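Residue numbers (this note's numbering): 703 to 1153.
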């Protein structure tokens, strides 16, 4: 569920009972879709039906909702109630902001809309990550031979392209000004894949004025024939990511001001390695980062980079490779606690939605955003107001994107949904009060200033 102060988005899947499409789910069955809802669980007196032809991949939006109001709802196809995702590996609730209706086959379930962010609306930013352009098998985890990957249906376009094409198109409805892509732009930093990702992102706007990227561990410098024509990497091999996205620079970290918002882009794999270990900032980058934070101490600041600082509450084992080097992360959080302007740190890498509050720096929202390239397959919209912000995750919604997203939900023997969607609605939808009065409505894309 996506939930804002005046809108809720409900999605579900219909399949043919008693069948298996080879991934462990029912064979897709096109059907109608409608959501019945109201403010009384015994009187669901409003109904919204999906538009377009019958589909197995349902996406229904409830609009014109009242802020701070509790609603009850049921989703239906072919007269049957849609059942919620059941969390068996970790406590969670995919369908509402309360436990009302959980344990029943189809609800009604309940959600309460938040209040809008306080203050005047200024502009919006797309947060996304883990595009993995060039990938052909989803769900491979750490080279585990027991894991059976999910692949695209034969004859359909490569799923990383499907998902990124849809993302760039879908975000337009939110009228965002900027887009930040926090690493793993490619599957393994092959030049053609890096270029293809850039070509699709160019549909959003101009690089380093409208959209910005950072390096992920998959974008590290590699060794081998596909990389031979790229520059020699700082730490190893040949660095094709640097050539494609930072050709005029010696490093892949930077800061820029966007309509008063100070944005810091980190290279969280600034090191030698094969990508399967913890992220880290080299000493040069770390010193630059600390200096940049000190110089913009009071300015509203958003930091983004691939590896999270902290990973908690996961249905998968948490390893050192799940996040940034622990000592560096602890030091960064201590610095955030003394830097009033920092209000949000956006990361990817885990491929899940999760909102963490660190006791060291409780003012700072630590937000992991689910991968763009697989279930739940989408992006977060950050709406900035003068006195606060809202952050909402949205699934990419082209026909092909919804088809692949639901297919890739079967990763890890069908347990992927419990991990990736987010344990609770608050992991995907938050509203925070924070002083952003230093921001202004954009007149043009921000001017670049690299450290």
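Beta carbons are placed, not taken as given, at the ideal position from N, Cα and C, and that holds for glycine. Computed from a predicted model, the values in this text were never measured in an experiment.
According to DSSP, is residue i part of a helix, a strand, or is it coil?
i: residue 920; result: helix
i: residue 849; result: coil
i: residue 839; result: coil
i: residue 1119; result: helix
i: residue 1014; result: coil
i: residue 942; result: helix
i: residue 1083; result: strand
i: residue 987; result: helix
i: residue 965; result: strand
i: residue 993; result: helix
i: residue 1001; result: coil
i: residue 775; result: strand
i: residue 1106; result: helix
i: residue 783; result: strand
i: residue 802; result: coil
i: residue 1181; result: No information on residue 1181 is available, as it lies outside the stretch 703 to 1153 that the chain covers here.
i: residue 752; result: coil
i: residue 873; result: helix
i: residue 1059; result: coil
i: residue 1070; result: strand
i: residue 1127; result: helix
i: residue 891; result: coil
i: residue 1065; result: coil
Based on Cα-Cα distance, which residue from the options lies nearest to residue i?
i: residue 1095; options: 1101, 1074, 877; result: 1074
i: residue 1056; options: 1129, 769, 706, 766; result: 1129
i: residue 1112; options: 740, 1050, 851; result: 851
i: residue 1006; options: 827, 815, 780, 756; result: 827
i: residue 971; options: 955, 1054, 959; result: 955
i: residue 996; options: 896, 964, 721; result: 964
i: residue 787; options: 1126, 1102, 841; result: 1126
i: residue 727; options: 1135, 1115, 1132; result: 1115
i: residue 1040; options: 999, 1046, 706, 1017; result: 999
i: residue 1120; options: 899, 1017, 717; result: 1017
i: residue 909; options: 875, 929, 933, 946; result: 946
i: residue 1044; options: 899, 992, 1009; result: 992
i: residue 1118; options: 719, 704, 713, 725; result: 725
i: residue 1097; options: 1054, 1135, 1087; result: 1054
i: residue 951; options: 933, 911, 839, 1072; result: 933
i: residue 981; options: 783, 1029, 856; result: 1029
What's the gap between the Cα of residue i and the Cα of residue j?
i: residue 759; j: residue 1106; result: 10 Å
i: residue 729; j: residue 1032; result: 47 Å
i: residue 1078; j: residue 918; result: 20 Å
i: residue 745; j: residue 776; result: 11 Å
i: residue 732; j: residue 832; result: 30 Å
i: residue 1138; j: residue 858; result: 44 Å
i: residue 939; j: residue 789; result: 43 Å
i: residue 711; j: residue 1083; result: 14 Å
i: residue 911; j: residue 949; result: 16 Å
i: residue 825; j: residue 1122; result: 28 Å
i: residue 1042; j: residue 1101; result: 43 Å
i: residue 820; j: residue 1092; result: 10 Å
i: residue 924; j: residue 823; result: 44 Å
i: residue 1131; j: residue 705; result: 6 Å
i: residue 1099; j: residue 874; result: 12 Å
i: residue 983; j: residue 931; result: 26 Å
i: residue 1158; j: residue 927; result: Given that the chain is displayed from residue 703 to residue 1153, the structure contains no residue 1158 and the question cannot be resolved.
Tell me which same chain residues have a C-beta within less than 7 Å of the C-beta of residue i, skipping the five on either side of it?
i: residue 1035; result: 1011, 1060, 1062, 1063
i: residue 921; result: 885, 886, 887, 888, 891, 943
i: residue 1024; result: 1013, 1052
I'd like the list of long-range same chain contacts for residue i, defined as Cβ closer than 6 Å, with 5 residues on each side in sequence excluded.
i: residue 1108; result: 715, 759
i: residue 800; result: 812
i: residue 913; result: 881, 903, 906, 907
i: residue 736; result: 749, 751, 778
i: residue 1046; result: 1004, 1067
i: residue 718; result: 728, 729, 731
i: residue 1136; result: 1045, 1090
i: residue 798; result: 811, 812, 813
i: residue 1149; result: Model confidence at residue 1149 stands at a pLDDT of 34, short of 50, so the residue's coordinates are unreliable; what they give is reported in the following sentence. The answer is none, since no qualifying residue turns up.
i: residue 1152; result: With a pLDDT of 37 at residue 1152, under the threshold of 50, the predicted position of this residue should be treated as unreliable, and no value is reported.
Report the partner residues of residue i according to the DSSP bridge assignment.
i: residue 716; result: Residue 716 pairs with nothing; no bridge assigned.
i: residue 925; result: According to DSSP, which records beta bridges pairwise, residue 925 is partnered with nothing at all.
i: residue 725; result: Residue 725 is not bridged to any residue.
i: residue 811; result: 775
i: residue 704; result: 711
i: residue 1096; result: 1081
i: residue 1048; result: 1006, 1069
i: residue 763; result: 711
i: residue 1090; result: 1087, 1135
Looking only at its chain, what residues have a beta carbon closer than 8 Å to the beta carbon of residue i, apart from the 5 residues adjacent to it on each side?
i: residue 817; result: 707, 769, 770, 1133
i: residue 780; result: 716, 733, 734
i: residue 863; result: 835, 898, 902
Spell out whether any CB of chain D is found under 8 Å from the CB atom of residue i.
i: residue 839; result: This model lacks chain D altogether, as it is built from one protein chain only.
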